[in-house]
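Here's the structure we're looking at; comments come further down.
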Amino acid sequence: MRTLIGLGLVLCVMTAGCGDDTESGGGGSGNAPSTGGNPGTGGEGGTPASCELPSLDLEGTWAVKITLPADITGAPGGAFETCPATQQGDATVLLVMNVTELAPNHSARFSVCSVDLPVVTAAAPDCATGTDVDLDLLPFRDRIFDDETNPMTIAVDGDQPGTPFTVPEFRLSYGKAPPLPAWDTADVACDDPTLGHGGACEDACLDGGCQDLDYWNDDFPGFSWGLCGIAANESVGVCEFDEPEMEGATVQGPVFTTMSVSSALEGTFASSCEADGTATAELVMSIIGGNVYVAGEQANVTAIAKGLPSFAFDGAAAPARFVRIDGRHGSPDYSENDLDDTCDLLIEHAAEL
Numbered sequence: 001m002r003t004l005i006g007l008g009l010v011l012c013v014m015t016a017g018c019g020d021d022t023e024s025g026g027g028g029s030g031n032a033p034s035t036g037g038n039p040g041t042g043g044e045g046g047t048p049a050s051c052e053l054p055s056l057d058l059e060g061t062w063a064v065k066i067t068l069p070a071d072i073t074g075a076p077g078g079a080f081e082t083c084p085a086t087q088q089g090d091a092t093v094l095l096v097m098n099v100t101e102l103a104p105n106h107s108a109r110f111s112v113c114s115v116d117l118p119v120v121t122a123a124a125p126d127c128a129t130g131t132d133v134d135l136d137l138l139p140f141r142d143r144i145f146d147d148e149t150n151p152m153t154i155a156v157d158g159d160q161p162g163t164p165f166t167v168p169e170f171r172l173s174y175g176k177a178p179p180l181p182a183w184d185t186a187d188v189a190c191d192d193p194t195l196g197h198g199g200a201c202e203d204a205c206l207d208g209g210c211q212d213l214d215y216w217n218d219d220f221p222g223f224s225w226g227l228c229g230i231a232a233n234e235s236v237g238v239c240e241f242d243e244p245e246m247e248g249a250t251v252q253g254p255v256f257t258t259m260s261v262s263s264a265l266e267g268t269f270a271s272s273c274e275a276d277g278t279a280t281a282e283l284v285m286s287i288i289g290g291n292v293y294v295a296g297e298q299a300n301v302t303a304i305a306k307g308l309p310s311f312a313f314d315g316a317a318a319p320a321r322f323v324r325i326d327g328r329h330g331s332p333d334y335s336e337n338d339l340d341d342t343c344d345l346l347i348e349h350a351a352e353l
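Following my numbering, the residues of the sequence shown are numbered contiguously, the last one being 353.
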């Protein structure tokens, strides 16, 4: 099964049907995305053999990396256009899993460290006449890990290496849980170039309304992403998200969304430090505003929503990798007292998982 829902209106990225299960709330941010963490005290790892205990010891901090292959589809009529109209890429969801063991039971709390969508080649304003850019949506990470699930039971079928396990579906919501409000692109009145750029939530232009969308009371509704499109001939290295009207990239500025991430997991613990498995993962996101500039001109929210591509994620189970990251049993040590710092280190070392 393959599922396709457009990011421009409501994005539902999934390997299973959109659900509504155990959840925890979140919100948005008006600050620019982080670009990574410092090495801190992260370890270089230890002796792998020390993980090979005769009985599994699962308590501690783990990283979970879920990879979602995607087909990407764009359409004309927005502030920019996907070129070519169909593309492929991978999205990655990176989680922290804190496991508590009270024999014979195990439970875990989950937090999202990062959601990385594929970079899309596009042109502004269109493929025929526009400037080619690499279009990237970057989550404002100072808020993405400002949330944690309630304890979830891990069903472990034994205590020896090679034991299978399952985790029921859990959900983290940022702004509001599904069904999500979304910008009304069909209402001509919502094409007004003065609407939806921050400072207020535009209740009349949101299917579902504005209630509870500004979780942090920072005047930026929902959860913010930075939209960045840099042309090959531009010397800028970063996009201006706080002041998108300033000289910078061809496409730049914050996009305000509501977002929900959920997953159910299963796999096999190969040792007390590693497991491989699969996930039925879901990312649901809707556009509720934005302050994006294209070639120096502010785009209205309807044009932003129509310009963003759609993602179709394969309905088969997504690969999931589980790695202990707290330094125990010779594992790498990326675990800090503050989740923010843990995520910085984990993102820096994600390719090693």
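Cβ coordinates follow ideal geometry from the N, Cα and C atoms, glycine included. Being a predicted model, the structure only gives us computed values, none of them experimental.
Compute the distance between the beta-carbons of residue i and residue j, then report whether it is under 7 Å.
i	j	result
D191	L56	no
P54	G89	no
A63	L346	yes
L227	V255	yes
Y174	F241	no
W183	A305	yes
A320	L265	yes
P309	T82	yes
A79	A303	yes
C113	S271	no
A124	V251	yes
L135	V120	yes
S111	L353	no
Y293	E243	no
For residue i, count neighbouring C-beta atoms within 10 Å of its own C-beta (all shown protein chains included) and say buried if the count is 16 or more, exposed if not.
i	result
G74	buried
A312	buried
M285	buried
G307	buried
E297	exposed
V188	exposed
G199	exposed
T194	exposed
T153	exposed
D276	exposed
N233	exposed
Who are the Cβ neighbours of residue i in its own chain at under 6 Å, not counting the five residues just before and after it?
i	result
G208	P181
C273	C51, R324, H329 and S331
V115	V93 and P139
L68	A91, F313 and A318
V301	W183, G196, G289 and G290
K391	Nothing can be reported for residue 391, as the shown portion of the chain is limited to 1 through 353.
T166	A155 and E266
Kindly indicate which three-state DSSP category residue i falls into: helix, strand or coil?
i	result
S24	Any answer about S24 is weak, because its pLDDT of 44 lies below 50 and its placement is not dependable; what the coordinates show is given next. It is coil, neither helix nor strand.
V188	helix
G330	helix
S50	helix
D126	coil
A108	strand
A351	helix
D159	coil
C359	Nothing in the structure corresponds to residue 359, since the chain is present only between 1 and 353.
V120	strand
T131	strand
C228	strand
L180	coil
C113	strand
L213	coil
Going along the chain, which residues of its own chain have a beta-carbon closer than 7 Å to the beta-carbon of residue i, five neighbours each way excluded?
i	result
P221	G28, C201, C210, L213, D214, F256, I288 and G289
T342	V96, Y334, S335 and E336
P104	none
C205	W183, D184, D187, C190, L195 and G196
P76	D126
E59	V99, T100 and E101
D326	G60, T61, D333 and S335
D203	G209 and C210
Beta-carbon within less than 8 Å of residue i's beta-carbon, same chain only, minus the 5 sequence neighbours each way: which residues are those?
i	result
T163	L56, V156, D157, T268 and F269
P151	T100, S107, A108 and R109
T47	Model confidence at T47 stands at a pLDDT of 42, short of 50, so the residue's coordinates are unreliable and nothing is read from them.
T131	A123, A124, A231, T250 and A295
G42	Low per-residue confidence applies at G42: pLDDT is 39, beneath 50, and the placement is therefore not dependable, though the value from the model is reported in the following sentence. For G42, where only same-chain residues beyond five positions count, the Cβ hits under 8 Å are P332, D333, Y334, L345, E348 and H349.
P179	G208
Would you please verify whether the beta carbon of residue i is less than 7 Å from any beta carbon of chain B?
i	result
F256	The chain inventory of the structure shown lacks chain B, comprising one protein chain alone.
Within the stretch 262-307, ranges of the beta strand (DSSP E) (whole runs, at least 3 residues): 274-290
Ordered list of alpha helix (DSSP H) runs contained in the stretch 51-79, each at least 4 residues: none
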